[in-house]
Amino acid sequence: MHRIDHQLPWNCLGTQRTLTVFSFGAGERKAYIQASLHADELPGMRVAVALKRRLRELEQAGQLLGVIELVPVANPVGLAQMFQGTQQGRFEFASGKNFNRDFVRLDRLIGDQLEGQLQQDATVNLQLIRQKMRVALDTLPPAGSELQGLQRLLLRHACDADVVLDLHCDFEAAVHLYSIPQHWPAWQALAARMQAAAVLLAEDSGGGSFDEVCSAAWLNLARRFADYPVPLGCMATALELGGMADTDAERTEAQAEAILGFLADCGLLAGNWPPAPVDCCAATPFDGAQYAVAPHAGVVSFVRAAGARVEPGDPLFEVYDPLDDRHSVVRAETAGVIYARERLRFAQPGLWLAKVAGATPIRQGRLLSD
Ligand SMILES: [Zn+2]
Numbered sequence: 014m015h016r017i018d019h020q021l022p023w024n025c026l027g028t029q030r031t032l033t034v035f036s037f038g039a040g041e042r043k044a045y046i047q048a049s050l051h052a053d054e055l056p057g058m059r060v061a062v063a064l065k066r067r068l069r070e071l072e073q074a075g076q077l078l079g080v081i082e083l084v085p086v087a088n089p090v091g092l093a094q095m096f097q098g099t100q101q102g103r104f105e106f107a108s109g110k111n112f113n114r115d116f117v118r119l120d121r122l123i124g125d126q127l128e129g130q131l132q133q134d135a136t137v138n139l140q141l142i143r144q145k146m147r148v149a150l151d152t153l154p155p156a157g158s159e160l161q162g163l164q165r166l167l168l169r170h171a172c173d174a175d176v177v178l179d180l181h182c183d184f185e186a187a188v189h190l191y192s193i194p195q196h197w198p199a200w201q202a203l204a205a206r207m208q209a210a211a212v213l214l215a216e217d218s219g220g221g222s223f224d225e226v227c228s229a230a231w232l233n234l235a236r237r238f239a240d241y242p243v244p245l246g247c248m249a250t251a252l253e254l255g256g257m258a259d260t261d262a263e264r265t266e267a268q269a270e271a272i273l274g275f276l277a278d279c280g281l282l283a284g285n286w287p288p289a290p291v292d293c294c295a296a297t298p299f300d301g302a303q304y305a306v307a308p309h310a311g312v313v314s315f316v317r318a319a320g321a322r323v324e325p326g327d328p329l330f331e332v333y334d335p336l337d338d339r340h341s342v343v344r345a346e347t348a349g350v351i352y353a354r355e356r357l358r359f360a361q362p363g364l365w366l367a368k369v370a371g372a373t374p375i376r377q378g379r380l381l382s383d
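When the letters of the sequence shown are read in order and numbered with the numbering used here, they come out as residues 14 to 383.
Shown next, in the form of structure tokens:
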């Protein structure tokens, strides 16, 4: 293992923040794993603790067949954002921006440079595109903010990886993951190992999220240069490990082992690993997800747990207004799994309280909420 410390730009005077990457193994193939880009989502950081220990052991045992980079604290900026006793790790205080939005679109960054450069050889193109991505990120004008500097460093480490796992969680949630549709067959083993309840597929969720920028860049380049073999060179997912409170040792150590099993599936780890379970949830289109909101303000009582299956018309939660005695029941509009619930119990205008993964498209436009 070796440790790489990057200084973030635009430190406040008298302070300095560092992004730390742990690199294990050597070889052509690479996996990149980061945790807690939304800094208040700590299950990933706890899983990373277990991964770091296990990867060290596996490296010493000679079982690493490629490079594995681990970033246990992907967002030191957000981690420090305490406001009156609560952690505020999702949006940067300075700008109000979501830490996991608006990453540099790599295909746009290097697309023009690839004109006349690609060959009729997918392996050559894979190497060329990765090289262009690295150089393009290295030669951007200086970052205009600490947030931008952080995002570029994360992307720089991930852009040339075969497999990227961005570890997140939702407020209260079953395990679920996001991917572009083209990679779903390859993620099935991970979803099965993680006992995921939902897999949400979209080519463009509209937010420029980290995982989507990593994987969709190749899809967009393959379409732009359709006369050449351009592989989908980076499999990236936002892996939602459960709810924000799901940091128990037993659960997170098991999740780390499941991730290692998947890395073995990918050919990055040698040794005997339990096979991926046969049973796996179905994937559904992200535009089939119902974001259920309340019709008025009030206190919320949930009717069903995260992970429960519902049919159209089944109640999801109730909202009570104790002043005007209004009472509303919000129901499922699609058949599927409740994969996430809000943590707060006060209904606010326009903010979702439950999400249901359905199979029929019911939403349009930007699919990601902030
Ligand atoms: Zn997140």
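Ideal Cβ positions, reconstructed from N, Cα and C, are used throughout, including at glycine.
Asked: Can you say whether D383 is buried or exposed, counting buried as having 16 or more other CB atoms within 10 angstroms of its CB?; Found: exposed
Asked: Work out the CA separation of V188 and T136 for me, nearest whole Å.; Found: 34 Å
Asked: Nearest by alpha-carbon distance to F96: which of G57, A61 and D53 is it?; Found: D53
Asked: Could you give the C-beta distance for A392 and I351, rounded to a whole number, given that I count them as a contact under 8 Å?; Found: As displayed, the chain neither begins before 14 nor continues past 383, which places residue 392 out of reach and without an answer.
Asked: Take the Cβ of R16 as the centre, count every other Cβ of all protein chains shown within 10 Å, and call the residue buried at 16 or more, exposed below.; Found: exposed
Asked: Are three or more beta carbon pairs between the region 73-83 and the region 34-45 nearer than 8 Å?; Found: yes
Asked: With H, G and I counted as helix, E and B as strand and the rest as coil, what does DSSP make of W231?; Found: helix
Asked: Quick check: what's the CA-CA separation for S158 versus W23?; Found: 6 Å
Asked: Indicate, with yes or no, if ligand 1 has a heavy atom lying under 6 Å from the CB of E54.; Found: yes
Asked: If you draw a straight line from the alpha carbon of P328 to that of A321, how long is it in whole angstroms?; Found: 12 Å
Asked: Could you check if R206 is buried or exposed, using at least 16 other CB atoms within 10 Å of its CB as the buried criterion?; Found: buried
Asked: List the endpoints of the continuous beta strand (DSSP E) containing I17.; Found: H15 to Q20
Asked: What does the Cβ neighbour count give for S108, buried or exposed, with the cut at 16 atoms within 10 Å?; Found: exposed
Asked: Compare the beta carbon distance of G219 and L380 with 7 Å and say whether it is the shorter of the two.; Found: yes
Asked: Checking the sheet assignment: what are the DSSP bridge partners for Y304?; Found: K368
Asked: Is it right to say P85 is buried, meaning 16 or more other beta carbons lie within 10 angstroms of its own, or is it exposed?; Found: buried
Asked: Residue range of the alpha helix (DSSP H) that G162 falls in?; Found: E159 to A171
Asked: Just reading off the alpha helix (DSSP H) that E70 is part of, what are its end residues?; Found: P56 to Q73
Asked: Considering only C-alpha positions, which residue in the set Q130, D18 and Q47 is nearest to Q29?; Found: D18
Asked: What does a CB cutoff of less than 6 Å around C227 pick up in its chain, not counting 5 residues either side in sequence?; Found: A171, V177, C247 and A249
Asked: At a threshold of 6 Å, does H309 count as lining ligand 1 (C-beta to nearest heavy atom)?; Found: no
Asked: If we require 4 or more residues per run, which alpha helix (DSSP H) segments fall completely within the region 214-291?; Found: 223-237 and 262-278
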